Ligand SMILES: Nc1ncnc2c1ncn2[C@@H]1O[C@H](COP(=O)(O)OP(=O)(O)O)[C@@H](O)[C@H]1O
Ligand SMILES: N[C@@H](CCOP(=O)(O)O)C(=O)O
């Protein structure tokens, strides 16, 4: 049996901690034979192979007496790069508990568990449900709603350095004034209205008008401003800091990507540019 979980790109500009999109990079987890102890094979130098691995740890948080298995994990999702690797690991762990423990969790239950563990819904909800998802916690529970899929391709510029989400969150101010918070949320509100109304004539400008997190994080990801400028030149819809960074995501027509890539290279921006697309399925289990 194999569990397949997409990566996710959070925030989309002003949707800080609430908007996220599943994208076509995947973590796969093969559930192999039962074993005396939990073992997870993978090629990542910095991730554990025993039950302290986040995937197994998550599964055991949900059902402590799951029978140990030999697992094999492969992932195209770069760790600590703003593409939701930790959320994909958490969602894989929830699905592992679900199948081995025969829990028959509903999507709503998976969303509730995942949001509780991750703390914010913007990565875990699209990783579970697929597509573009908007969510929040209210009165002690989480609500998540799927928005129309963006009819564009994606180009993810992935700098070589890592940026842990916790470090990128530490760069944010502890508080905003009422005026700042009101305007930041008004921009996000109109963005969400634009997404549901398919008003792509407005969506791009609103996505690039975040007032919550991109400015304080720009010093950690100096490439953002230049990539955004090049995105405009290449006719992109919008460029935003993917999650906590350092990946910079550009939403663009597929046919515009070669020129965008060429302009990036001319500007000396030569880190990998992943040509991906929104994922519509979310987590999948294949026998
Ligand atoms: N495939 C994986 N298996 C197990 N743990 C993982 C995996 N991917 C990420 N993690 C955990 O998530 C951490 C990175 O989380 P975070 O800093 O939030 O980055 P990201 O933006 O990629 O989610 C890693 O240090 C590791 O503990
Ligand atoms: N809203 C969070 C999203 C973090 O996403 P990640 O992919 O960097 O883990 C934030 O911006 O801190």
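In the UniProt record's numbering, the protein residues as written are 1 to 287.
We treat Cβ as the ideally placed atom computed from N, Cα and C, and that holds for glycine.
Remember, predicted model here, so these are calculated numbers, not experimental data.
Distance, Cα to Cα, residue 23 vs residue 143?
Position 23 of the chain shown holds residue 23. Position 143 of the chain shown holds residue 143. If I take the Cα positions, the gap works out to 21 Å.
State the CB to CB distance for the pair residue 209 and residue 187, rounded to an integer number of angstroms; the pair is presumed to be in contact (CB under 8 Å).
The count along the chain shown starts at 1 and reaches residue 209 at position 209. The count along the chain shown starts at 1 and reaches residue 187 at position 187. Contact check for residue 209 and residue 187: beta-carbon distance about 5 Å, within the 8 Å limit, so the pair qualifies.
For residue 86 and residue 182, I'd like the C-alpha separation in whole angstroms.
If you number the chain shown from 1, residue 86 lands on position 86. If you number the chain shown from 1, residue 182 lands on position 182. The straight-line gap from Cα to Cα measures roughly 31 Å.
I need the DSSP call for residue 284, collapsed to helix, strand or coil.
Within the chain shown, the letter at position 284 stands for residue 284. Reduced to three states, the DSSP call for residue 284 is strand.
When every heavy atom of ligand 2 is checked, does at least one fall within less than 7 Å of the C-beta of residue 132?
The residue labelled residue 132 in the question sits at position 132 within the chain shown. No, the Cβ of residue 132 stays beyond 7 Å of every heavy atom of ligand 2.
Compute the Euclidean distance between the alpha carbons of residue 169 and residue 176, then round it to the nearest angstrom.
The residue given as residue 169 occupies position 169 in the chain shown. The residue given as residue 176 occupies position 176 in the chain shown. When rounded, the distance between both Cα atoms is 15 Å.
For residue 218 and residue 51, the rounded distance between their alpha carbons
For this step, residue 51 is matched to residue 51 along the chain shown. For this step, residue 218 is matched to residue 218 along the chain shown. The straight-line gap from Cα to Cα measures roughly 36 Å.
Report yes if the CB atom of residue 71 is closer than 8 Å to the CB atom of residue 113, and no otherwise.
Start at 1 with the first residue of the chain shown, and residue 71 comes out as number 71. Start at 1 with the first residue of the chain shown, and residue 113 comes out as number 113. Contact: no.
What's the gap between the Cα of residue 284 and the Cα of residue 259?
Locating residue 284 in the chain shown gives position 284, counting from the first residue. Locating residue 259 in the chain shown gives position 259, counting from the first residue. CA-CA distance, residue 284 to residue 259, rounds to 34 Å.
Can you find at least 3 beta carbon pairs, one from the segment 110-128 and one from the segment 75-82, that sit closer than 8 Å?
Flag = no, the segment 110-128 and the segment 75-82 do not touch.
Same chain, Cβ closer than 7 Å to residue 95, neighbours up to 5 away in sequence not counted:
As a working note, residue 95 is residue 95 in the chain shown. Counting only Cβ-Cβ distances below 7 Å, and skipping sequence neighbours, we find 3, 283 and 285.
In whole angstroms, give me the CA-to-CA distance for residue 42 and residue 202.
Within the chain shown, numbered from 1, the residue matching residue 42 stands at position 42. Within the chain shown, numbered from 1, the residue matching residue 202 stands at position 202. For residue 42 and residue 202, the gap between their C-alpha atoms comes out near 43 Å.
Using a threshold of 8 Å, state whether the C-beta atoms of residue 273 and residue 14 are closer than that.
For the purposes of this step, residue 273 is identified with residue 273 of the chain shown, where counting begins at 1. For the purposes of this step, residue 14 is identified with residue 14 of the chain shown, where counting begins at 1. No, they are not a contact pair.
Is the CB-CB distance between residue 253 and residue 152 below 8 Å?
Locating residue 253 in the chain shown gives position 253, counting from the first residue. Locating residue 152 in the chain shown gives position 152, counting from the first residue. Going by C-beta atoms, residue 253 is nearer than 8 Å to residue 152.
Nonlocal neighbours in the same chain, by C-beta distance under 6 Å from residue 101, ignoring five residues either side:
Locating residue 101 in the chain shown gives position 101, where the first residue counts as 1. So the list reads 63 and 66, once near-sequence residues are dropped.
The beta strand (DSSP E) spanning residue 161 covers which residue range?
Against the chain shown, residue 161 aligns to sequence position 161. Run containing residue 161: none; DSSP gives neither H nor E here.
Residue 215 lies in the alpha helix (DSSP H); which residues open and close that run?
Sequence index remark: in the chain shown, residue 215 carries index 215 (1-based). Taken as a continuous stretch (DSSP letters only), the alpha helix (DSSP H) holding residue 215 covers 214-217.
Which residues in the same chain as residue 264 place their Cβ atom closer than 8 Å to its Cβ, once the five residues preceding and following it in sequence are excluded?
Stepping through the chain shown from its first residue, residue 264 is reached at position 264. If you ignore the 5 residues before and after residue 264, its C-beta comes within less than 8 Å of the C-beta of 157, 227, 230, 270 and 273, all in its own chain and listed in chain order.
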